[in-house]
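Below you'll find the structure, written out as structure tokens, and then a few comments.
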Amino acid sequence: MKGPKTDKWTFHGRYIAIFAVGLLYGILYWIDPERAVLALNTSAKIFGYILLPLAMVFILMILLNLFFKSAQVVRLLGEKAGFRGVALSAAAGIISMGPIYAWYPLLKEVKARGAGNTVIAVFLSNRAVKPFLLPVMISYFDWTYVLLLTFFMFITSVAFGYILDALCKATIRK
Numbered sequence: 466m467k468g469p470k471t472d473k474w475t476f477h478g479r480y481i482a483i484f485a486v487g488l489l490y491g492i493l494y495w496i497d498p499e500r501a502v503l504a505l506n507t508s509a510k511i512f513g514y515i516l517l518p519l520a521m522v523f524i525l526m527i528l529l530n531l532f533f534k535s536a537q538v539v540r541l542l543g544e545k546a547g548f549r550g551v552a553l554s555a556a557a558g559i560i561s562m563g564p565i566y567a568w569y570p571l572l573k574e575v576k577a578r579g580a581g582n583t584v585i586a587v588f589l590s591n592r593a594v595k596p597f598l599l600p601v602m603i604s605y606f607d608w609t610y611v612l613l614l615t616f617f618m619f620i621t622s623v624a625f626g627y628i629l630d631a632l633c634k635a636t637i638r639k
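Sequence positions in the sequence shown follow this note's numbering and run 466 to 639.
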């Protein structure tokens, strides 16, 4: 019995990318050691910033695998979840923290378990709305502007999610 199909380029591409970055740092170190060390320190600092959010996402993935079966994910976030699934996805997008790319593995897992394109798009679109930034936005603009902006961001994210889902389905049918 064969295991799951893996894309050889994806598997080998990881090692190629790591080797290429190491090679570039080596060449830069040979040309200008001070700037190479500065670049390496900056990269390490950025890695430190994303490490905690990335770890949180992986913990969420583990919890998702432990507590949610595919049928539950489909019921909550699938094609037939309706507006409740979209609203849940929007709320999750709003309260999510950290860099967006740290969420991609979890979203891939949720999609593989049966979540629809609409809820994934709504989640990603609502990442721009952050409750802790609302007071700052209100201080720069006014509360009417911020409330209307937030409302229209939510509405357009839902519309965008449904449009994206329809386009993806139309592309698959061809």
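All C-beta atoms, glycine included, are put in the ideal place defined by N, C-alpha and C.
Computed from a predicted structure; not experimentally measured.
Handout entry: Collapsed DSSP secondary structure at alanine 580 in the structure displayed
Key = coil
Exercise for the section: Go ahead and pull the three-state DSSP assignment for valine 594. Expected result: coil
Practice task
Pick out whichever of Asn582, Lys595 and Gly558 has its Cα sitting closest to the Cα of alanine 635.
Solution key: Asn582
Problem - Residue from Phe597, Phe523 and Val623 whose Cα sits closest to the Cα of leucine 571 - result: Phe523
Practice task
Note down the Cα distance separating glycine 487 from valine 611, rounded to an integer number of angstroms.
Solution key: 45 Å
Handout entry: Top-ranked residue by Cα proximity to valine 594, from Ala567, Gly579 and Ala556
Key = Ala556
Problem - Touching by the beta-carbon criterion (3+ pairs, under 8 Å), the region 544 to 562 and the region 583 to 603 - result: yes
Problem - Residues of its chain near asparagine 591, where Cβ-Cβ distance is below 6 Å and the 5 sequence neighbours each way are ignored - result: Ala555, Gly558, Ile559 and Ser622
Problem - Cβ shell of glycine 489 (< 7 Å), same chain only, five flanking positions each side left out - result: Here residue 489 is leucine; the residue named in the question, glycine, does not match the sequence. Cβ within range, chain order: n/a, list empty.
Practice task
Could you tell me the distance, in whole angstroms, from the CA atom of arginine 638 to the CA atom of asparagine 506?
Solution key: 49 Å
Handout entry: Span of the alpha helix (DSSP H) around alanine 552
Key = 547 to 560
Problem - Start-to-end residues for the alpha helix (DSSP H) that takes in tyrosine 605 - result: 599 to 605
Problem - Helix, strand or coil at aspartate 497 according to DSSP, with G and I counted as helix - result: coil
Exercise for the section: For alanine 567, count neighbouring C-beta atoms within 10 Å of its own C-beta (all shown protein chains included) and say buried if the count is 16 or more, exposed if not. Expected result: buried
Exercise for the section: Quick one: using the 10 Å Cβ neighbour count with 16 as the cut-off for buried, is alanine 546 buried or exposed? Expected result: buried
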